[in-house]
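To keep things clear, I will list the structure first and then write my remarks on it.
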Amino acid sequence: MKNTRNRSLAALCAAILFAPCGLSAGSLSLAASIDPLTTMHQAIRRHFQDPRLAQLFEHFVQYVGSSPFIAPAILTLIAWVQVGLGCWYPMGGTGEIAAALTRLCAEFNVDVHTDTPVERIETVGDRVSGVIAQNGRRFAADAVVCNSDIVLTLTGLLETPEAVDHYRKNAANLEPACSGAVLYLGCNRRFPNLLHHDFFFSTDSDAEFRDIYENRIPHADPTIYLAVPSRTDPSVAPEGCEAIYALVHTPYVSDGYDWSSRAREYRDIIVRKLEKWGLEGLEESIVTERMLTPLDIRDMYRANKGAIYGVVTKRGLTSAFKTGNRSKLYRGLYHAGGSVNPGAGVPMVLMSGQIAAQCVLDDAKSGALEAPQAAAAASR
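Residues in the sequence shown are numbered consecutively from 1035, following our numbering.
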């Protein structure tokens, strides 16, 4: 029974991810049985009485930038995927994924233009016609795959009346997800009590979620996620040393907290908590470090208000679903990235690229990308 249920859930996820134009009747029936109006918090508290265990499973929803008090119960599947199916690590670091994609592009003679920021997506009528770079260069195109944040695409790269109107009508479902404060620490010693993945939880998770998603301030006793890749991959740190990545989820950029003047203050809160909870001597062991605040994430990655998971996921019949990969506004425009289907995180973003590419291939095959006059000529 358990395996049958798991296969059914996997089939539902695949249907949602890879059939953006619609779900089968069977998939819709299973989706309805999950109850999209139940929150993740409600579902977890039905099954776990120990608040520490409930806190562990509720925290997984942070990796789609949401709160268990607003996220749909179906997102409890995140824990099933991570714990049941396991996590994978690309040797050499996640940068190796980008390097592999670069090599693949070279193998297929793809022209890659670096340091060429796009100013806007060009449209003619109801279709795209190309992109205009900030240096003024125009790239003509029948199909444009845009991996910008969907809000910034609608209000910036497109900025047409139709796109802006679409954003205004759907703004409630396009709220940014949470942001984060990130520490990259190079330490001249090892901490043998650490694993590759470690969590140091807040003593009051309910208050932490309220601060992040309602009060819009970073929590004073934050949950800290540590990744220590040198546990798995010795190449990322010198012998006897440690490479540590620390992530604390925070609100997206708002007036609630001035990161430009208080970043160091919050950095010290994180380090002091880690020292208190078993990493004695951490501060004095740090020989190199870098911090990213929500402001840095916003500016470096053009992330809407510094959101690291795109758009927040909420319960409801429609708000739990991301923007589709095929634009409803313009023919030839396709969306990829963490703010659209299927969602945030490196695996999901790579999948969004696959889905967008398949949409392009399908439309090219059907003739949907042809200009009106070309399509008319072909039909005669």
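Ideal Cβ positions, reconstructed from N, Cα and C, are used throughout, including at glycine.
These numbers were taken from a predicted model, which means no experiment stands behind them.
In this structure, DSSP gives Leu1363 a state outside helix and strand, which the three-state scheme calls coil. The secondary-structure analysis by DSSP pairs Ser1264 with nothing; it has no beta-bridge partner. Only residues of its own chain outside the window of five on either side were considered, and among them Val1305, Glu1309 have a CB closer than 7 Å to the CB of Glu1317, listed in chain order. The stretch 1317-1326 makes no contact with the stretch 1166-1178; the number of CB pairs closer than 8 Å stays below 3.
Counting the other CB atoms within 10 Å of its CB gives Ala1132 a total below 16, which places it among the exposed residues. In the three-state scheme derived from DSSP, where H, G and I count as helix and E and B as strand, Glu1242 is classed as helix.
Contact between the stretch 1123-1143 and the stretch 1095-1112 is absent: fewer than 3 CB-CB pairs across the two stretches fall below 8 Å.
DSSP, read as helix, strand or coil, puts Arg1332 in helix. In the three-state scheme derived from DSSP, where H, G and I count as helix and E and B as strand, Phe1094 is classed as helix. In the structure shown, Glu1404 adopts coil according to DSSP, grouped into three states. In this structure, Val1394 lies away from Ser1386, with their beta-carbon atoms at least 8 Å apart. Three or more Cβ pairs drawn from the stretch 1181-1201 and the stretch 1356-1366 lie within less than 8 Å of each other, which places the two stretches in contact. Of the residues Pro1272, Gly1118, Pro1252, Ile1278, the one whose Cα lies closest to the Cα of Pro1263 is Ile1278. Sequence-distant partners of Phe1233 (beyond 5 residues in either direction) whose C-beta falls short of 8 Å from its own C-beta, in its chain, are Leu1090, His1093, Thr1257, Ile1258, Tyr1259, Leu1260. Inter-residue distance for Leu1186 and Asn1338 is about 7 Å (C-alpha atoms, whole angstroms). Shown here, Thr1257 sits in coil according to DSSP, grouped into three states, outside any helix or strand. One thing to note: Leu1326 has its Cβ within 8 Å of the Cβ of Val1216. The three-state secondary structure of Pro1106, taken from DSSP, is strand. According to the DSSP assignment, Tyr1218 belongs to the beta strand (DSSP E) that extends over 1213-1221. According to DSSP, residue pairing for Asp1232 in a beta bridge involves Leu1260.
The C-beta distance from Gly1159 to Arg1172 rounds to 17 Å, too long to fall under 8 Å, and the pair is not in contact. Partner residues in a beta bridge of Pro1195, as assigned by DSSP, do not exist.
Exposed is the label assigned to Asp1084, since fewer than 16 other Cβ atoms lie within 10 Å of its Cβ.
Under the three-state reduction of DSSP, Cys1180 is assigned to strand. Here Leu1071 is exposed. Its C-beta has fewer than 16 other C-beta atoms within 10 Å. Linking Met1382 to Glu1273 through their CA atoms gives a straight-line distance of about 34 Å. Of the residues assessed, Val1321 falls on the exposed side of the cut-off, its CB having fewer than 16 other CB atoms within 10 angstroms.
Beta-bridge partners assigned by DSSP to Thr1157: Val1162.
Within the DSSP secondary-structure output, Arg1171 pairs in no beta bridge. Here the alpha carbon of His1283 sits roughly 44 Å from the alpha carbon of Ser1400.
With respect to the 8 Å criterion, Lys1356 and Val1346 are not classified as neighbours on the basis of their beta carbons.
For Ala1280, the pairing in a beta bridge is given by DSSP as Leu1217, Leu1260.
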